[in-house]
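If you count by this note's numbering, then the sequence shown holds residues 372 to 885, one letter each, in order.
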Amino acid sequence: MSYAHVRNPRVTLNLVTRDQRPGLDDQRALIVGQKLSGGTAPAGLNVGVPRTSAEINALFGARSHAAFLARRFRKINPWTNLDVIALADAGGATKATASIAVSGTSTAAGTITVTVADGNDHRYEVAIPSGTAAAAAAALIEAKFDADAAAPFVASVLTGTVTFTAENGGKIANDWPLIVEGTVPGLLFTLTGWASGATDPTLTSILDAVANIRYQTIVWPSQYATTVLKTFVDARKNLDNDIKDGVAFIGSNRAFADVKSDALALNTSEIVLITNEPETGATWKGPHLPQAPDITSVSFAAARARRFEDGVSISDLVVTNESRDQFGSPFKGSLPYFNTPILYCNRPLRGSGYTQTEQAELEDAGVSIVGYNESYTGVIMGVVVTTWQFDGAGNPDDTWKYLEWRDTHSIIREYFVKGVRKEFAQHRMTAGVAVAGFAIIDEPSVRAYLMQLYDELAEDAVTVKGLDGRRYFEDNLVVTLKPSLRRVEVAADVPMVSQFGEMIGSVKFNFLTQ
């Protein structure tokens with residue numbers, strides 16, 4: 372027989388979880404693209420896309436549109452959770468083509484640089500000796516691309532003409548670039564840009580599989596119709612007892628007036644339309660950035676998602692030197708997106724791109740600009756805007772004009788939701804005074820906790836720090852308890868951090884020193 376020890380005074384201390392800041396959802400991105408039959412991935416949703424190019428190629432087929440986009444996303448951002456909706460080509464789809472017709476015979480040696488679809492991964496120098504006939508020169512070009520096993524197209528040559536054919540059918544390749552830089556004496560290179568791709572996959576129900584998954588980032592092909600996408604993202608903006616909002620990115624290679632019309636038709640805070648001016652010169656066909664519009668949008672989307680990854684270095688994605696801005700954070704939404712480098716993008720055609728006046732006009736119309744920096748040493752984002760321009764009644768409304776505003780607003784809402792759900796997970800409610808030692812809330816305790824959340828966000832440069840900002844939030848915070856409905860009603864007006872985007876003023880001179 373055993374006896375218990377005598378223990379006095381009696382002390383019982385239960386282990387409970389420590390107090391922590393409420394977290395935000397992990398970042399998750401979605402790419403929609405087309406696969407090839409040789410890939411192991413099934414058509415439809417593929418969750419958890421791996422990090423390496425070899426694994427991506429095995430999943431979707433190395434030459435597929437889906438692999439083309441996923442490789443670039445992972446090259447810029449190996450950290451964010453990535454899913455892909457991989458679509459099989461539509462039955463009877465037509466594949467886009469482009470061509471380079473070579474004529475003449477070289478009278479001296481020369482080297483040209485040929486870009487097809489992407490100026491980083493599918494750009495090759497072709498050395499052509501003196502005395503090379505057109506057919507032989509075309510064969511030298513074709514041989515370079517034959518050796519490129521990951522190109523989303525195949526090359527063939529016939530009687531001096533190199534023809535490039537997209538591996539996937541449909542319109543996805545119609546806006547790809549085709550570029551020849553340099554000259555060879557005696558040879559003429561005549562380019563026919565990408566065209567004739569037709570019949571995209573059916574899009575009607577492709578997003579049904581992700582109805583219960585939150586994506587902060589979605590990349591949608593530039594040539595796909597946007598009706599399904601717009602319906603999907605708009606419906607997720609404000610849900611009962613749930614947070615599933617996120618932003619979709621679409622590349623564009625449309626004429627100035629056309630892309631403005633596209634943005635107006637979208638008119639949503641949940642879609643960013645990134646434009647790329649078309650070029651139709653003799654040696655440069657397609658976007659003025661030497662890469663597919665889908666690669667431009669996936670590159671920026673990957674960079675933005677990486678900025679939200681906690682503790683991940685983002686020094687190559689920002690131009691500020693401030694220490695706390697060198698690493699990602701779930702609260703990085705207020706940092707401007709303009710001047711974000713577009714990594715792995717070769718320089719665009721010098722002298723191309725929109726004028727300052729056109730850039731301002733497109734920005735006002737809800738279109739985001741990308742172009743080269745002042746020193747012509749890199750490609751950067753301009754001001755990033757959503758396509759939101761009018762409220763439901765058709766009134767001009769700039770609430771979510773800038774992506775930074777949209778992201779910061781979303782962070783505040785999510786932080787408050789997650790915090791309240793965590794802090795008051797099992798509480799009583801009283802219209803009177805809360806009793807100490809019990810899980811019970813009254814109006815002052817709710818107000819105090821919301822003030823605490825505001826202060827925490829201020830330390831991450833999301834809400835406005837300082838007495839004025841805090842006082843404004845407190846004065847405009849309305850908390851109403853309705854015990855008969857088991858409900859607390861809150862109306863909050865939150866001072867939010869913005870971006871420094873413009874300075875105006877005047878400068879004069881004089882000859883006085885005092």
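Backbone N, C-alpha and C define an ideal beta-carbon position, used for all residues, glycine too.
Asked                                                                                                                                                                                       : Found
Express the C-alpha separation of Asp571 and Glu538 in angstroms, rounding to a whole number.                                                                                               : 13 Å
Excluding five sequence neighbours on each side, which residues of the same chain lie with their C-beta closer than 7 Å to the C-beta of Asp696?                                            : Val689, Leu706
When you measure from the CB of Ala521 to every non-hydrogen atom of the ligand GTP, does any distance come out below 7 Å?                                                                  : This structure lacks the ligand GTP, and indeed carries no ligand of any kind.
Determine the closest residue to Ala469 out of Thr536, Val420, Leu578, with distance taken between C-alpha atoms.                                                                           : Thr536
Counting Cβ pairs closer than 8 Å, one from the region 439–454 and one from the region 387–394, do we hit at least three?                                                                   : no
Where Ala807 and Asp813 are concerned, what is the direct C-alpha to C-alpha distance, given to the nearest angstrom?                                                                       : 11 Å
Taking C-alpha atoms, which residue in Phe516, Val485, Phe761, Gly475 lies nearest to Ala507?                                                                                               : Gly475
Write down every uninterrupted run of the alpha helix (DSSP H) in the region 757–843 whose length is 4 residues or greater and which is fully enclosed by it, in chain order.               : 774–794, 814–829
Is Ala469 helix, strand or coil by DSSP?                                                                                                                                                    : strand
Closest to Pro592 by C-alpha separation, out of Leu562, Ile584, Leu610, Ile642, would be which residue?                                                                                     : Ile642
Starting from Arg675, follow the beta strand (DSSP E) in both directions and report where the run begins and ends.                                                                          : First-last for Arg675: 664–678, but that is the alpha helix (DSSP H), not the beta strand (DSSP E).
Below 8 Å, can you find three or more Cβ-Cβ pairs linking the region 782–802 to the region 825–840?                                                                                         : yes
Looking only at DSSP bridge pairs, what is Asp337 linked to?                                                                                                                                : Since the displayed the chain opens at 372 and closes at 885, residue 337 lies outside it and no answer follows.
Is Val442 helix, strand or coil by DSSP?                                                                                                                                                    : Reading the sequence as shown, one finds Arg at residue 442 and not Val. Three-state result, Arg442: helix.
Does the region 738–753 come close enough to the region 656–673 that 3 or more CB-CB pairs lie under 8 Å?                                                                                   : yes
From which residue to which residue does the alpha helix (DSSP H) around Thr602 run?                                                                                                        : 598–606
Thinking just about the alpha-carbon of each residue, which of Asn545, Ala521, Ala514, Val604 is nearest to the one in Thr532?                                                              : Ala514
Output the distance between the C-alpha atoms of Ile471 and Ala509, rounded to the nearest integer angstrom.                                                                                : 8 Å
In or out: Thr651 buried (at least 16 other Cβ within 10 Å) or exposed?                                                                                                                     : exposed
Between Ala676 and Ile584, what straight-line distance do the alpha-carbon atoms span, to the nearest angstrom?                                                                             : 16 Å
With a cut-off of 8 Å on the beta carbons, I'd call Val342 and Val850 a contact; round off their distance for me.                                                                           : Absent from the model: residue 342. The displayed extent of the chain is 372 to 885, so no value can be given.
Using CA atoms only, rank isn't needed, just tell me which of Gly765, Ile751, Pro701 is closest to Val683.                                                                                  : Pro701
Here's a check: name, in chain order, each residue in its chain whose Cβ is nearer than 6 Å to the Cβ of Arg494, leaving out the five neighbours to either side.                            : Thr486
Excluding the 5 residues flanking Asp517 on each side, which residues of the same chain have their C-beta closer than 7 Å to its C-beta?                                                    : Ala526
Is the beta carbon of Val473 closer than 8 Å to that of Ala505?                                                                                                                             : yes
How would you call Phe603, buried or exposed, if buried means at least 16 neighbouring beta carbons within 10 angstroms?                                                                    : buried
Using 8 Å as the Cβ pair cut-off and three pairs as the minimum, do the region 603–614 and the region 412–424 touch?                                                                        : no
Ordered along the chain, which non-local residues of its own chain (more than five positions away) have a Cβ less than 6 Å from that of Ile427?                                             : Ala438, Ala441, Arg442
If you follow the alpha helix (DSSP H) that Ser330 is part of, which residue opens it and which one closes it?                                                                              : Look at the range of the chain in this structure, 372 to 885, and you will see that residue 330 is not part of it.
Taking all protein chains shown into account, decide if Glu648 is buried (16 or more other Cβ within 10 angstroms of its Cβ) or exposed.                                                    : buried
Is it the case that the Cβ atoms of Met752 and Phe880 are separated by a distance below 8 Å?                                                                                                : no
Mind pulling the alpha helix (DSSP H) runs of 4 or more residues that sit fully within the region 841–877?                                                                                  : none
For Arg434, tell me which candidate among Asp778, Asp492, Gly462, Val420 has the shortest Cα-Cα distance.                                                                                   : Asp492
Am I right that Ala479 and Pro548 are in contact with their C-beta atoms under 8 Å? What's the rounded C-beta distance?                                                                     : Actually they are not in contact, since the Cβ atoms of Ala479 and Pro548 sit about 28 Å apart, beyond 8 Å.
Identify, in the order they occur along the chain, each residue of the same chain with its Cβ nearer than 8 Å to the Cβ of Asp768, setting aside the five sequence neighbours on each side. : Trp759, Gln760, Phe761, Asp762
Tell me, to the nearest whole angstrom, how far the beta carbon of Leu714 is from that of Asp687; I am working on the premise that it is less than 8 Å.                                     : 7 Å
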